Each structure stands twice: as structure tokens, then as C-alpha cells.
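Protein chains in written order, with our numbering: chain A, 214 to 278; chain B, 10 to 189.
Built from N, CA and C at the ideal position, the CB exists for glycine as well.
Since the model is a prediction, treat every value here as computed from it, not as a measurement.
Below: one structure, written as C-alpha cells.
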Amino acid sequence: MKNLKMKAARAGKDLSQQQLADLCGVSRQTISAIEKGDYNPTVSLCIRICKVLGKSLDELFWPEE
Amino acid sequence: MSDYQTGYLLGFVVVLVLIVAVYFIFRKRRGGQGSMKGEYDERQQLLRGSAYKACAFSYMLEMAILLFLEGMQVDLPLTRGALYAIFFLLPIGIFAVMCIRKDAYIGIRSNLKQFITIGGIIVIVEIFVTIRYCVAGEMIVNGKLTDNCLAPGLAILFFVVLATLLIHERQLAAESGEDE
């Protein structure tokens with residue numbers, strides 16, 4: 214399932230995938246895979262992404278009902 | 010001990026010392042960290058794990074084939090050394106190609122250009138070594154491929170790895186524009 218909330222949050226912060234990847238210490242492909250829903254990140258990486266994007270885990274990674 | 014054995018032992022010891030030296034040089038350059046931890050992100054480590062599994066499975070499969078060939082006493086057009094060389098290189102190629110295709114070969118802090126340069130040099134050197142062996146008639150002796158086939162084997166391996174890497178990088182560059 215695509216993570217559109219994360220993509221929107223990244224776009225809201227005006228960050229490219231590469232910039233977000235650099236800030237989180239991962240490769241650009243990993244960010245791309247998370248946004249596409251091809252990879253489920255660990256909680257540790259989710260927290261790092263949330264901190265960079267200024268969002269909570271619920272806002273970015275909790276599935277909508 | 011014969012001259013051959015002395016030379017062989019000396020060569021073995023030199024290679025061992027070189028491996029240890031290279032390890033410590035890299036360890037020092039990496040600030041005392043001996044492991045590759047931190048070089049790859051969590052997704053890459055996960056994918057590398059499955060590539061290692063495929064590599065180990067290939068080795069096991071090759072071992073079974075080798076035992077079968079030995080048991081059946083099959084006369085192959087290559088020496089035992091050549092067979093070992095091919096069987097040694099094949100799983101490494103499988104591992105490399107699998108990792109490249111899943112974006113897990115080049116670490117997040119690795120230098121792609123440096124890797125391509127070193128790989129390219131290895132390919133060129135091994136091609137020259139192969140030509141030298143062929144000209145000297147040392148590649149095929151008594152109708153059998155000798156263990157000197159390690160040189161063209163390495164050239165092919167690095168060429169395949171580099172070609173896969175370059176093609177994949179080009180695809181990624183095209184995709185990155187669409188993803189943004």
C-alpha cells in the first residue's frame with residue numbers, strides 16, 4: 214500500500230527523496246520503496262522519518278480505517 | 010621440501026599477510042570499525058541477507074554437482090583447478106547481480122566512481138593476462154582448460170558486475186525524476 218501521507222509530508226517540507234534520505238541516513242531507494250509501499254521500515258527508521266518531517270508516527274504510518 | 014612446495018608456501022604466507030594488512034588498513038581508514046555495519050541501510054542489509062542466502066545455496070548446489078562429477082568420474086574438457094575456479098566465481102557473480110538489482114550493492118557512504126574505476130582496471134588487467142596466457146598456450150593444455158581460466162573468469166565477472174551496475178544506475182537516474 215502506497216504511503217501517500219509520507220510523500221505529502223515530504224513535499225510539504227519541500228524535500229526531495231534524496232534530501233530526506235540523507236537526513237535519515239538511508240539510501241534514496243529506501244525512501245522511494247517506503248513511499249511506494251514496497252518496503253516496511255523498522256520502527257527506528259519510522260521515528261527518524263517522523264522527526265525529520267515533524268510529524269507523529271500516527272500521522273505518517275498508521276493505516277486509515 | 011621441494012622448490013615448488015617452498016614457493017607455494019611462501020606465496021600462501023605472502024597472500025595471508027596481504028589480506029591481514031589490507032584488513033587493518035581499511036579498519037584504520039574506517040575509524041576503528043572493522044565491520045560493514047552502518048555502511049548499508051536496514052533495507053539494504055535485509056536484501057543483502059537474501060543475496061548471501063542465494064550465494065550459499067549456489068555453493069551447496071555446486072558442491073553437490075562436484076561430488077556427482079567426481080563420483081561418476083566424468084571426463085570434462087577442463088582441469089579440476091579450472092572447475093574450482095568457475096565454481097568459486099559463479100556464486101560471487103550471483104550475489105553481486107542480486108544485490109545490484111535490489112539497490113543493495115553500493116553502500117550509502119560508498120563511492121560509486123571509485124568502485125567503477127577499480128572494477129574497470131581489474132577487467133583490463135585480466136584481459137591482458139588472458140591474452141598473455143592464450144599467446145603462451147597456457148590456457149588450454151592437452152585439450153583441457155587449465156586453472157589459468159581464473160583470469161578470463163575474473164574479467165567476465167567484473168564486466169558483468171560493472172555492466173549491471175551501470176545499467177541499473179541509469180534506470181535509477183531515470184526513475185528518480187519521476188519519483189520526486
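If the cut is a Cβ gap below 8 Å, which residues of chain A does residue i touch?
i, result
"R52(B)", "V239, S240, Q242, T243, A246, Y252 and P254"
"S59(B)", "Going along chain A, no residue has its Cβ under 8 Å from S59(B), so there is no contact; the nearest lies around 13 Å."
Applying the criterion that 16 or more other CB atoms from any shown protein chain within 10 Å of the CB defines a buried residue, is residue i buried or exposed?
i, result
"I109(B)", "buried"
"G47(B)", "Unreliable positioning characterises G47(B) in this predicted model, as indicated by a pLDDT of 49, which lies under 50. The coordinate reading is nonetheless provided below. The residue in question, G47(B), is exposed, as its Cβ has fewer than 16 Cβ neighbours within 10 Å."
"N216(A)", "buried"
"A183(B)", "exposed"
"Y13(B)", "exposed"
"Q53(B)", "buried"
"P86(B)", "exposed"
"K37(B)", "exposed"
"M10(B)", "exposed"
"P254(A)", "buried"
"M107(B)", "buried"
"V170(B)", "buried"
So which residues on chain B does residue i lean against when the C-beta distance must stay under 9 Å?
i, result
"L258(A)", "D50, E51 and R52"
Taking C-beta pairs closer than 9 Å, name the residues in chain A that residue i reaches, listed in chain order.
i, result
"I131(B)", "Neighbours of I131(B) on chain A: none; closest Cβ ~25 Å, over 9 Å."
Looking only at its chain, what residues have a beta carbon closer than 7 Å to the beta carbon of residue i, apart from the 5 residues adjacent to it on each side?
i, result
"T139(B)", "A160, P161 and A164"
"I103(B)", "A63, C64 and S67"
"E147(B)", "T155 and N157"
"A94(B)", "D156, C158, L159 and G162"
"A30(B)", "none"
"A222(A)", "L266, K268 and L273"
Under 7 Å Cβ-Cβ, which residues of chain A neighbour residue i?
i, result
"L175(B)", "The premise fails here: L175(B) is roughly 16 Å from chain A at the closest Cβ pair, so nothing lies under 7 Å."
"S119(B)", "Within chain A, no residue comes near S119(B); the closest Cβ sits about 10 Å away, beyond 7 Å."
So, for residue i: in the same chain, excluding its five sequence neighbours on each side, which residues have a beta-carbon less than 8 Å away from its beta-carbon?
i, result
"I149(B)", "T155"
"Y49(B)", "R57, A113, G116 and I117"
"I101(B)", "C64 and L166"
"L99(B)", "S67 and E71"
Looking only at its own chain, which residues have a Cβ that is under 6 Å from the Cβ of residue i, when we skip the five neighbours before and after it?
i, result
"M45(B)", "Note on M45(B): pLDDT 49, under 50, position unreliable in the model; no value is reported."
"F274(A)", "C259"
"S245(A)", "Q230"
Mind listing the chain C neighbours of residue i? Cutoff is C-beta to C-beta under 9 Å, in chain order.
i, result
"I125(B)", "Of the protein chains in this structure, namely A and B, none is chain C."
### Query
Counting Cβ pairs closer than 8 Å, one from the segment 227-238 of chain A and one from the segment 252-266 of chain A, do we hit at least three?
yes
### Task
Could you please tell me which residues of the segment 82-115 of chain B, in chain order, have their CB closer than 7 Å to any CB of chain A?
D112
### Query
Does the segment 112-126 of chain B come close enough to the segment 235-248 of chain A that 3 or more CB-CB pairs lie under 8 Å?
yes
### Task
Examine the Cβ distances between the segment 81-93 of chain B and the segment 118-128 of chain B and report whether three or more of them are shorter than 8 Å.
no
### Query
Any chance the segment 265-277 of chain A sits against the segment 70-78 of chain B, with 3 or more Cβ pairs inside 8 Å?
no
### Message
Taking beta-carbon pairs under 9 Å, can you tell me which members of the segment 153-181 of chain B lie near chain A?
### Response
L181
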